[in-house]
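Protein chains in written order, with numbering that gives the first Met the number 0: chain R, 0 to 458; chain Y, 0 to 458. Here's the structure we're looking at; comments come further down.
Number of protein chains: 2
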Amino acid sequence: MTALIEPRVLKGFRDFLPAAEIERRGLVERIEAVFRGFGYAPIDTPALEYTEILLGKGGGETEKQVYRFSDHGGRDVALRFDLTVPFARFAAEHRASLTFPFKRYHIAKVWRGENTQRGRYREFTQCDFDCIGSDGVAADFEILMMMKEALAAAGAGGLTIRLNHRGLFNRFLQTIGAAAKAVEILRAVDKLAKIGRDETLKLLAAELDQKRAELIVNYVETKGSWDETLDALATAAGGDNPDSERLRTLRGFMFDAGVQDVFVIDPSITRGLDYYTGIVFETFLDNMPSIGSVCSGGRYDNLSGLYSKEPLSGVGSSIGLDRLIAALEALGMAANRETYAELAVICVDEGQSGAYQRIAQKFRSEGIPTEVFFEAKKQGVQFALAEKKGVRWALIPAARLGQGGAKEAEDDTVTLRDLRTRRNIEALSVSAAIAFIRNQKILKEERICKDETGTRVSD
Amino acid sequence: MTALIEPRVLKGFRDFLPAAEIERRGLVERIEAVFRGFGYAPIDTPALEYTEILLGKGGGETEKQVYRFSDHGGRDVALRFDLTVPFARFAAEHRASLTFPFKRYHIAKVWRGENTQRGRYREFTQCDFDCIGSDGVAADFEILMMMKEALAAAGAGGLTIRLNHRGLFNRFLQTIGAAAKAVEILRAVDKLAKIGRDETLKLLAAELDQKRAELIVNYVETKGSWDETLDALATAAGGDNPDSERLRTLRGFMFDAGVQDVFVIDPSITRGLDYYTGIVFETFLDNMPSIGSVCSGGRYDNLSGLYSKEPLSGVGSSIGLDRLIAALEALGMAANRETYAELAVICVDEGQSGAYQRIAQKFRSEGIPTEVFFEAKKQGVQFALAEKKGVRWALIPAARLGQGGAKEAEDDTVTLRDLRTRRNIEALSVSAAIAFIRNQKILKEERICKDETGTRVSD
């Protein structure tokens, strides 16, 4: 006999067993429904691309992490490490075929050979949505609305979206004569939450001087109402200007749509280095702010600069799915089931397996997912198996069932068992059993709706 | 200025633009709904695995095609080339955590560096469903039922599932004293449809002799009703035996479930070499048999033999998504739209973009996907844009709209335009417009239902 190979996955990679995958799919489907509801269309791009496409001019950390190799034809290829670079390439390549403004989402795996000791995965899912080809503030607002709706659909409770404008910050730096050091300043400001005020001041003073360091920290720590903060930021930038006007328009849209309470203006939000040029934003869960931003992005003015001379501006955002799932789990809001089935057909007689499938098909066609059990084990064992999987109902067919087409099945008699209450409802026709489960589902949905409005507590 | 990088994908790889991706997603979602309806749960595994896991003892063609490289830690890794091998590894690794019989589906990309001149892709999606840990004929039947239902849901019209039993064929080979050459014989028989009777006879005669070559070709060309064929095959295998009995039981299940017409027994179906041990099957579209099998599989008795001493038997099938999409397109049955949006909110005044989103949100929350337009171009231009994307309805908001929460929005007056008939319905409240579109959708669904029963032709 040949030696066995140890079954194992690579470090930083994961299998998803049914409960985890059902949870992940459910989250993605709820988010995707929101994207589709806004008229955003899905696209997909290859996992593998030319390395020169993905790395462009090359870039420190990324280059070290990318999975890169030579393919059968000797091409220098790599696995995508994000969805932004492939989208930039996609937009440049297909520009003539796209309808602008082009609104797309892309939910797919990406790969980075990161240090797994920091709790990072080497394979993970990104969830990006962007609107390109529109410079308007209406596009900025739409992306913000989508973030609010998608995270509400995710089911993690209340949230706060913090936003800022990179152009406004740049104007302020110009006003204090520090624009030349913008990159270093952004890098230092980005660390404020982590290293604290004093250390940030030291970093800034080393680049500039104590006075301007304090001006910058004061700027990013500006507090107050939206209007007060915006007035202060505009003043620091030398008075009202197109960027502060844009934020005022955006604020007006929020009131017009009745969503003003979710959004906070926060000058400490800067989002990294040189990609964004307009608004930037991060999203925090009210129930778990410590987990960090679960949805971030901003406006950029030249998406495809590496591949095309024609600039393409846009605004986009990305949901941190893994982080969001971790939050849902920590908050006890994750579903926990191994199957979509709501009903299990108990096996009384293995020779009736064909008839069981015929009966099950009637439930399935009425929107009730139904698993058929194959082995005529003791009923208690079968009930326990169904319960373990998270199935709510069991159907115990009569010993003798009709044969053939749909007509005879009407005469089949079944017993329906509620596995939660352990109560049997006997001598039902199949259609009565379907009606019973459907009614229970409607009642449950009504209960959930009432929960959400706070009227009544669920069972 | 830096030189531009040419935006392009690797040969054999594809971008999916919205229309193609919406079509692909729609197909996958319809199929997935069937899998879930049968109580099959999704799983996922890493794209990248240890090469020794994927290649096992190594295997000719596959080894040459696999994308294999050394990762940052010097590990010999490869991209998965199918979903069966990762599933075998998964089942061995997680055996203790799984509930048996374990019913799973897995829809994911795989990669093979194939010769693209044969019209093959190097990145494509596989769509596998298996039930492992049950030896019963009920499991075989369930997989066959799922194939029928999944392909019906795919919407490619009538289909025929052809099946055979590998054990029965092996018994026949033993009866004629040709079992020792089983591998070579299977390889020759597999080519019958391609190279014809005479060439197959030559191949077989070279391995055996003319007489047995003819016996084999006659065997695989056995024709007649299910019962006649099965009787003939059993006789050729030396009389009734557990394999022929199993096929009789399976046939009984088909009648019990009323699905007997879809299935044909066909001894020419053999499905490659040494993996399958029980039933094997292929599926052909009645409208397009020439495209070949769109769903194939069979029963195996030792899934995880490379990784575990405990045998794990099962039965499974795989849908050829790319082939199915090609068939739907060729049959003119593919959807062709760039968006999920059913309604476009026309931009009359860019300063009202916040109010437009508030109105759009009311449609979205009633299940009507709604895109908001950003620029106050001429209405005709906006109508044309919506039509181009495949949007059915346009909403023209009044010049003045309410501000703020849900209450004021009730007073908004809108005009609804049917972009298909170019007819306007004026002076509607938002809720009346929602009701109007919903009613039209219900009417449309009823029309589609009537089509399927053949009562009435759709518009």
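Glycine included, C-beta positions come from ideal geometry on N, C-alpha and C.
Neighbour flag for residue i against chain C, beta carbons, 8 Å
i, result
"Phe140/R", "No chain C is present in this structure, whose protein chains are R and Y."
Secondary structure of residue i, DSSP reduced to three states
i, result
"Asn114/R", "coil"
"Arg270/R", "coil"
"Glu444/R", "helix"
"Ser316/Y", "strand"
"Asp417/R", "strand"
"Leu302/Y", "coil"
"Lys102/R", "strand"
"Thr199/Y", "helix"
"Ser96/Y", "helix"
"Pro17/Y", "helix"
"Leu384/R", "helix"
"Gly403/R", "Here Gly403/R scores only 49 on pLDDT, less than 50, and its place in the model is too uncertain to base an answer on."
"Thr50/Y", "helix"
"Arg119/Y", "coil"
"Arg67/Y", "strand"
"Ser295/R", "strand"
"Phe280/Y", "strand"
"Pro470/Y", "Because chain Y in this structure spans residues 0 to 458, residue 470/Y falls outside the shown range and cannot be described."
"Pro45/R", "coil"
"Phe12/Y", "coil"
"Thr452/R", "For Thr452/R, the predicted structure reports a pLDDT of 45, less than 50, and the residue's modelled location is therefore unreliable. A value from the coordinates is still provided. Coil at Thr452/R, not helix or strand."
"Lys193/R", "helix"
"Val219/R", "helix"
Closer than 8 Å to chain Y by CB, residue i
i, result
"Ala231/R", "no"
"Glu444/R", "no"
"Asp70/R", "yes"
"Phe373/R", "yes"
"Tyr339/R", "yes"
"Tyr274/R", "no"
"Asp43/R", "yes"
Any non-hydrogen atom of the ligand ZN within 7 Å of residue i CB
i, result
"Ala231/R", "Inclusion of the ligand ZN in the displayed structure is not the case, the ligand content being empty and no account of it being possible."
Buried/exposed call for residue i, threshold 16 Cβ in 10 Å
i, result
"Leu78/R", "buried"
"Gly404/Y", "Interpretation of Gly404/Y is limited by its pLDDT of 46, a score under 50 that renders its predicted location unreliable; no figure is taken from the coordinates."
"Ser307/R", "buried"
"Arg111/R", "buried"
"Ser352/R", "buried"
"Glu31/Y", "buried"
"Leu207/R", "buried"
"Glu141/Y", "buried"
"Glu445/Y", "exposed"
"Ala431/Y", "exposed"
"Leu442/R", "exposed"
"Gly166/R", "buried"
Within-8 Å CB hit, residue i to chain R
i, result
"His164/Y", "no"
"Asp255/Y", "yes"
"Ile441/Y", "no"
"Ala144/Y", "Note that residue 144/Y is Met in the sequence shown, not Ala. Judged by the 8 Å Cβ criterion, Met144/Y is in contact with chain R."
"Lys388/Y", "yes"
Check whether residue i and residue j have beta carbons under 8 Å apart
i, j, result
"Met144/Y", "Val258/Y", "yes"
"Ala340/R", "Gly38/Y", "yes"
"Ser295/R", "Ile131/R", "no"
"Asn335/R", "Gly156/R", "no"
"Glu92/Y", "Ile4/R", "no"
"Glu122/Y", "Phe12/Y", "yes"
"Leu320/Y", "Leu158/Y", "no"
"Arg419/R", "Arg391/R", "yes"
"Leu200/Y", "Ala212/Y", "yes"
"Leu302/Y", "Ala153/Y", "no"
"Arg196/R", "Asp265/R", "no"
Sheet register partners of residue i (DSSP bridge)
i, result
"Arg170/Y", "Partner(s): none; Arg170/Y has no beta bridge."
"Val263/R", "Arg161/R"
"Trp392/Y", "Leu342/Y, Asp417/Y"
"Leu427/Y", "Val413/Y"
"Arg422/Y", "Asp417/Y"
"Val371/R", "Val344/R"
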